[in-house]
Amino acid sequence: MTLSTRNARGVVANLFAADARAQANIRSVVKSSGFRVQSRQKQLARVRTGFTRKAVKLRFTPDKLVYESGVSEEDYTAAGLEFYAPYLEWGTRFMDAHPFIFPPKAEEAPVFRRELNRAVRDAMRRAA
2 MTLSTRNARG VVANLFAADA RAQANIRSVV KSSGFRVQSR QKQLARVRTG
52 FTRKAVKLRF TPDKLVYESG VSEEDYTAAG LEFYAPYLEW GTRFMDAHPF
102 IFPPKAEEAP VFRRELNRAV RDAMRRAA
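By my numbering, the letter at position 12 of the sequence shown is numbered 13, and the numbering carries on one by one without gaps.
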């Protein structure tokens with residue numbers, strides 16, 4: 002096996018271009034996945050006062066490659082409420098569970114993996 006460095010600049014440029022395209026594609030996949038999970042969590046949230054449904058938030062990291070969707074204790078505390086979302090999610094001995102945080106994440110995981118693989122594969126094909 003021999004390696005040629007004759008077109009090294011072109012190869013490096015193609016790799017950087019593929020990396021930029023892959024990151025843009027990945028950001029798009031992460032964003033759409035985050036919105037789907039948040040939407041489904043809001044659909045599944047039990048509605049008595051509507052606060053839990055409104056408290057489901059979607060947050061992205063600054064580089065937009067990671068998202069977090071769910072409820073935070075701070076939102077409940079700021080509203081002067083007890084943080085009761087865990088009771089809804091897992092239930093108590095007197096109340097059945099009504100999960101709304103984890104099932105949408107589990108439903109989305111295979112779709113997310115498939116779209117992520119496709120995005121990276123497409124970016125690498127274009128670079129070749």
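We treat Cβ as the ideally placed atom computed from N, Cα and C, and that holds for glycine.
Looking at residue j and residue i, is the spacing between their C-beta atoms short of 8 Å?
i: F113; j: Q42; result: no
i: R60; j: E69; result: yes
i: W91; j: A80; result: no
i: A46; j: V57; result: yes
Classify residue i: buried if its beta carbon has 16 or more other beta carbons within 10 angstroms, exposed otherwise.
i: L66; result: exposed
i: G71; result: buried
i: A21; result: exposed
i: S34; result: buried
i: T78; result: exposed
i: V48; result: exposed
i: P111; result: exposed
Name the DSSP beta bridge partners of residue i, please?
i: T68; result: The sequence as given places Tyr at residue 68; Thr does not occur at that position. F61.
Looking at the unbroken alpha helix (DSSP H) that takes in residue i, where does it start and where does it end?
i: F84; result: Unbroken run through F84: none, as it is neither H nor E.
i: R130; result: Because the chain here runs from 2 to 129, residue 130 falls outside it and cannot be looked at.
i: A79; result: 74-79
Legend entry - Complete runs of the alpha helix (DSSP H) confined to the region 89-127 [at least 4 residues]: none
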